[in-house]
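I have placed the structure first, in the form of structure tokens, so that the comments after it can refer back to it.
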Amino acid sequence: SRLRELLVSGLGCLDLRDRGTRLRLQPGLEALLRLVHRSEDLDGGCCVGPQWTELQGQLAGVQAVDEKLPAGRFSPDLGHKSTAGGIYTPSPGVQALRFVQKASRANPLRCKLCGQGLLSQWICVRHNKPKIMVPSHGHHGCGHYETVGGLDFINDKKSDLDYCVHDKIAKDC
1 SRLRELLVSG LGCLDLRDRG TRLRLQPGLE ALLRLVHRSE DLDGGCCVGP
51 QWTELQGQLA GVQAVDEKLP AGRFSPDLGH KSTAGGIYTP SPGVQALRFV
101 QKASRANPLR CKLCGQGLLS QWICVRHNKP KIMVPSHGHH GCGHYETVGG
151 LDFINDKKSD LDYCVHDKIA KDC
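Per the UniProt record's numbering, residue 1 is the first one in the sequence shown, and the count goes up by one each step.
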């Protein structure tokens with residue numbers, strides 16, 4: 001299809017050996033890789049042919065590049081690694097929001113797919129109801145995090161945590 005042709009052409013123009021390029025494109029490349037894998041699963045192996053083969057080959061290179069990236073999820077906009085060392089830390093912009101607090105103890109999280117653990121000491125407290133914060137981008141190349149023990153949690157997406165003085169999402173006020 002034309003879309004596969006454009007993807008193959010676009011990926012072929014990227015220099016993924018450049019660290020800055022890799023870091024800025026990492027989230028998009030990971031999403032594309034997940035879409036290709038999902039298409040393979042849904043189509044029952046029908047994703048064959050020269051374009052699919054070339055696209056899969058280029059994305060296989062992305063996996064190899066990802067293995068060389070520093071530990072922790074990298075946010076290209078802020079240069080912030082939110083899961084470095086197995087401990088979740090929200091970006092400084094999220095930390096500054098009025099309902100976001102650092103708790104006195106860490107809460108265990110786990111990836112929904114592979115079960116890898118992570119600790120979060122950050123909570124969002126509204127109406128006296130604390131929710132443990134988890135990284136919205138989930139476990140690198142795998143799945144999303146959830147709390148251990150079924151505790152309430154909330155993703156660290158700034159636009160969902162930023163409330164105005166009227167207790168509404170700031171972007172909707």
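Even glycine gets a Cβ: it sits at the ideal position worked out from N, Cα and C.
Quick check on residue i: buried or exposed, where buried means 16 or more other Cβ atoms within 10 Å of its Cβ?
i	result
P135	buried
I123	buried
I169	exposed
T83	buried
E5	exposed
D156	buried
V125	exposed
L3	exposed
Return the bridge partner residues of residue i from the DSSP annotation.
i	result
N107	S120
T147	L109
F153	I132
V100	C124
Excluding five sequence neighbours on each side, which residues of the same chain lie with their C-beta closer than 8 Å to the C-beta of residue i?
i	result
L109	Y88, G117, L118, L119, S120, I132, V134, Y145, E146, T147, V148, F153
G86	G117, L118, L119
H166	C173
Identify which residue in the options has its Cα closest to the Cα of residue i.
i	options	result
R34	A106, V8, D162, H140	H140
R98	C164, H137, G150, A106	C164
G143	N128, C114, D162	C114
N107	Q95, T21, G150	G150
K112	S104, H137, P90	H137
Within this structure, are the beta carbons of residue i and residue j separated by less than 8 Å?
i	j	result
L25	L7	no
Is any non-hydrogen atom of the ligand MN found closer than 7 Å to the C-beta of residue i, if you look at the structure I gave you?
i	result
F99	By its list of ligands, the structure shown contains no ligand whatsoever, and the ligand MN lies outside what it can speak to.
Closer than 7 Å by C-beta to residue i: which residues in its own chain qualify, once you throw out the five before and the five after it? Chain order, please.
i	result
E30	G141
A96	none
Q101	I123, V125
T21	L14, D15
Skipping 5 residues on each side, what residues in its chain have a beta carbon closer than 6 Å to that of residue i?
i	result
A103	Q121, I123
D162	L97, A170
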